[in-house]
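Peer 1: Following this message is one structure expressed as C-alpha cells.
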Amino acid sequence: MDWMVWTLPTAVFFAVIAAILLGMTAWELVSPTVERRGFLPIATTRGDRLFIGLLSAAYLHLVVVGFTELSIWFALGASILWLLVLMRWG
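Just so you know, we're using numbering that gives the first Met the number 0 here: the sequence shown kicks off at 0 and counts up by one.
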C-alpha cells in the first residue's frame, strides 16, 4: 500500500468512516429503522440521513477550501454539527 501514500489524516479519515459504518450496521441490527419525515422534504431512514450528511459535509469542505480563507477546522466543526442535526431532526 506504499503507492497510496497513506498520511495520518487520510488514515484517520477512512478509519472514522469505517467505524461509523460499523456502528450504523450494529445499530440497524439491534433496532431496525423505520422511515420518517423530519425537516428534509423526503421520508428518510438513518442510513439515508447519514449518506446525505456525509455528502453535504464533503461539499461544505470543498466550498471552504475553494472559496474562503477559513481554516479547514471550521469546515470540520460545521460538518460535524450539521451531521448531528441531520441525524437527529432530518
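For glycine and all other residues, C-beta sits at the position ideal for the given N, C-alpha and C.
Computed from a prediction, not measured in an experiment: that's the story for all the values here.
Kindly confirm or deny that the segment 38-54 and the segment 80-89 touch, where touching means at least three C-beta pairs closer than 8 Å.
Peer 2: Yes: the two stretches touch, three or more of their Cβ pairs being nearer than 8 Å.
Peer 1: Helix, strand or coil for T24, going by three-state DSSP, please let me know.
Peer 2: One-based indexing of the sequence shown puts residue 24 at position 25. Reduced to three states, the DSSP call for T24 is helix.
Peer 1: Which value, in whole angstroms, describes the spacing of the CA atoms of L21 and T32?
Peer 2: On the sequence shown, position 22 is the one that residue 21 refers to. On the sequence shown, position 33 is the one that residue 32 refers to. Each residue's alpha carbon lies about 15 Å from the other.
Peer 1: The alpha helix (DSSP H) that contains S70, what's its start and end?
Peer 2: Position 71 of the sequence shown, counting from 1, holds the residue named residue 70. Here S70 belongs to no alpha helix (DSSP H), and DSSP marks it neither H nor E.
Peer 1: To the nearest angstrom, report how far apart T9 and I79 are at their CA atoms.
Peer 2: For the purposes of this step, residue 9 is taken as residue 10 along the sequence shown, with counting starting at 1. For the purposes of this step, residue 79 is taken as residue 80 along the sequence shown, with counting starting at 1. Whole-angstrom Cα-Cα distance: 17 Å.
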